[in-house]
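Worksheet for the structure shown next.
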Amino acid sequence: MIPDIRIEDYSYELPDERIAKYPLEFRDASKLLIYREGECRQQVFRELPDFLPEKTIMVFNDTKVVPARLFFHKETGAVIEIFCLQPEEPAEYNTNFAATASCRWKCVIGNARKWKGEILKADVSGLTAALISREGQTGVVEFRWEGGHPFSKILEMCGRIPIPPYLNRDTEAIDLERYQTLYAHIRGSVAAPTAGLHFTDDLLKRIREKGIETENVCLHVGAGTFLPVKTSSVSEHPMHREPIVVKKAFLEKLRDSDRKVTAVGTTSVRTLESLYYTGVSCIERGEPVEIGQWAPYEREYGYTLKEALDAIVRYLDNNSLDELKVGTRIIIVPGFKFRVVDYMITNFHQPQSTLLLLISAFVGGDWRTIYDYALANGFRFLSYGDSSLLFRRG
632 MIPDIRIEDY
642 SYELPDERIA
652 KYPLEFRDAS
662 KLLIYREGEC
672 RQQVFRELPD
682 FLPEKTIMVF
692 NDTKVVPARL
702 FFHKETGAVI
712 EIFCLQPEEP
722 AEYNTNFAAT
732 ASCRWKCVIG
742 NARKWKGEIL
752 KADVSGLTAA
762 LISREGQTGV
772 VEFRWEGGHP
782 FSKILEMCGR
792 IPIPPYLNRD
802 TEAIDLERYQ
812 TLYAHIRGSV
822 AAPTAGLHFT
832 DDLLKRIREK
842 GIETENVCLH
852 VGAGTFLPVK
862 TSSVSEHPMH
872 REPIVVKKAF
882 LEKLRDSDRK
892 VTAVGTTSVR
902 TLESLYYTGV
912 SCIERGEPVE
922 IGQWAPYERE
932 YGYTLKEALD
942 AIVRYLDNNS
952 LDELKVGTRI
962 IIVPGFKFRV
972 VDYMITNFHQ
982 PQSTLLLLIS
992 AFVGGDWRTI
1002 YDYALANGFR
1012 FLSYGDSSLL
1022 FRRG
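Just so we're aligned, residue 632 is where the sequence shown starts under this note's numbering, counting upward by one.
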């Protein structure tokens, strides 16, 4: 049954001065709020290994932010901003990034009313943009260039890192390094999985020395992560699709291990919890099917997590695949049954956002305890802000 949730119940006052406009000098110097069984305490992020349960698995999202904001100038002087959202042709990220002459992307178009369809030229690299189709502020854009460079190189030459709009500033040199996790590996996100921004090489080393296993999944974060819920009822909010990639070796480990799971960031949570329903589709349909937004709430599921994961592994084996690739539109709200994640590391999120709904679901509805504590104790909010370690309730 789809939950009846009013988004106004998930609002709080966030003063602008509490939004972290820039990162701290050191990644692991941020504050760390630890929430367990209704109680909050304050530490420093570099102390995280002291509070992590031993013999667990910590899962990171190794997606990499791409410089997806491109700017073109018309002969009239008007500036057209093209924000690449997801590849259209070729549709697979790595194949698209490897293209050496042309490709197409679904984009958000800034100043769209001033682009009548003429070919636009960038200031460098000979990059051109042609409008293939448009619907409102979004459209499909074909890019062409010369020189034989892969499109990933063209983006590096012409593009800017798309920092969140709520920072109310232009991208600066510091963002090229700090709006990216140290372990970012697979290109494709237009927003960073920001819980991971706090980790340093030394911190990761100390986590592993404690006997905690570390694993990676990949969910390419879309621009939809910035979108607030604009409908009064959450049931009417359309959740954005995001692609996920998970290695078969990790699926086997997760299936066979009794270790608890710590997810670094809401994107890792979303990926891990989607695995159960992907497994259900493998059991019932014989193949992985994209996870619908409300699939977890529409009926009861009697399969165990091990059965679901085993079905995915069996499908991959039968098709000689070493990784799962599937899309998810899953929305995690109060009433969701967590089947994979036991602990979560995450930043502090915007009012009336799907991310705040996820936090509420994870802590059994007790999100105000966490946010009231953070506001009362000088925590910095949003992407460049402070962090929390949450122990799941319920």
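Note that CB positions come from ideal geometry on N, CA and C, so glycine has one too. From a predicted model like this one, the values you see are computed outputs, not experimental measurements.
In terms of alpha-carbon separation, which member of the options lies closest to residue i?
i, options, result
"Ile922", "Lys752, Thr1000, Val957", "Val957"
"Asp953", "Lys968, Trp776, Gly996, Glu883", "Glu883"
"Cys715", "Thr731, Arg735, Ala730", "Arg735"
"Ala722", "Gly819, Val852, Ala1007, Thr977", "Gly819"
"Leu988", "Ser866, Asp941, Pro684", "Ser866"
"Lys937", "Leu828, Asp832, Phe881", "Phe881"
"Gly837", "Ser984, Val755, Asp659, Ala753", "Before going on, a small fix: residue 837 reads as Arg here, not Gly. Taking only the C-alpha atoms, the option nearest Arg837 is Asp659."
"Val877", "Lys891, Ala894, Val848, Arg901", "Val848"
"Leu947", "Thr935, Pro965, Lys968, Glu918", "Glu918"
"Val771", "Glu777, Ala761, Arg744", "Ala761"
"Ile713", "Ala732, Thr731, Ile750", "Ile750"
"Met689", "Ile976, Arg1023, Arg1024, Leu986", "Ile976"
"Arg1011", "Ala894, Glu639, Pro698, Asp647", "Asp647"
"Glu644", "Asp1017, Phe1022, Leu1006, Arg1024", "Leu1006"
"Ile711", "Thr759, Thr687, Leu834, Trp925", "Thr759"
"Phe1022", "Tyr1002, Arg999, Ile990, Ala729", "Ile990"
"Thr731", "Ser783, Arg945, Ala926", "Ser783"
"Thr845", "Lys891, Glu668, Pro869", "Lys891"
"Gly767", "Glu773, Lys747, Gly757", "Lys747"
"Pro765", "Gly790, Arg930, Ser1019, Lys737", "Note that residue 765 is Arg in the sequence shown, not Pro. Considering only alpha carbons, the answer is Lys737."
"Ala753", "Ala729, Arg800, Arg700, Pro718", "Arg700"
"Asn949", "Leu885, Lys879, Ala926, Gln924", "Lys879"
"Leu1025", "Asn1008, His980, Val972", "Per the sequence shown, the amino acid found at residue 1025 is Gly instead of Leu. Answer by Cα proximity: Val972."
Rounded to whole angstroms, what is the Cα-Cα separation between residue i and residue j?
i, j, result
"Leu664", "Lys841", "21 Å"
"Ile962", "Gly708", "42 Å"
"Tyr908", "Ala939", "7 Å"
"His780", "Tyr1015", "33 Å"
"Thr802", "Phe702", "13 Å"
"Leu807", "Pro654", "12 Å"
"Phe993", "Gln983", "16 Å"
"Pro793", "Phe676", "26 Å"
"Pro680", "Pro796", "32 Å"
"Glu787", "Val697", "8 Å"
"Tyr814", "Val852", "15 Å"
"Leu683", "Ile843", "9 Å"
"Thr985", "Asn727", "29 Å"
"Glu720", "Arg775", "12 Å"
"Asp640", "Val900", "23 Å"
"Pro965", "Tyr928", "10 Å"
"Val739", "Asp889", "44 Å"
"Lys745", "Ser642", "36 Å"
"Ala804", "Ser951", "43 Å"
"Gly896", "Glu706", "44 Å"
"Arg916", "Phe969", "23 Å"
Quick one: what's residue i bridged to in DSSP?
i, result
"Glu773", "Arg735, Ala761"
"Gln717", "Lys737"
"Leu850", "Ile875"
"Arg958", "Note on residue identity: the sequence assigns Gly, not Arg, to residue 958. Answer is Pro874, bridged to Gly958."
"Gln673", "Leu664"
"Phe691", "Asn847"
"Phe864", "Strictly speaking, residue 864 in this sequence is Ser, with Phe absent from that position. BP columns for Ser864 point to Arg637."
"Lys836", "Answer is none; Lys836 lacks a bridge partner."
"Tyr974", "Thr893, Phe1022"
"Lys686", "Note: Lys686 sits in no beta bridge, so no partner."
Since I believe residue j is in contact with residue i (beta carbons under 8 Å), could you give me their beta-carbon distance rounded to a whole number of angstroms?
i, j, result
"Tyr1004", "Cys671", "4 Å"
"Thr898", "Asn725", "Contact flag wrong, Cβ pair sits at about 19 Å."
"Leu850", "Thr694", "6 Å"
"Lys652", "Leu798", "6 Å"
"Cys789", "Val821", "Actually they do not touch by this definition, with Cβ atoms about 15 Å apart."
If you scan the segment 870-952 from start to end, which runs of the alpha helix (DSSP H) of 4 or more residues do you find wholly inside it? 879-887, 897-916, 926-929, 936-949
Going residue by residue through the segment 976-1022, where are the continuous alpha helix (DSSP H) segments of at least 4 residues, counting only ones entirely within it? 985-993, 998-1007
Which runs of the beta strand (DSSP E), 3 residues or longer, sit entirely within the segment 780-828? 817-820
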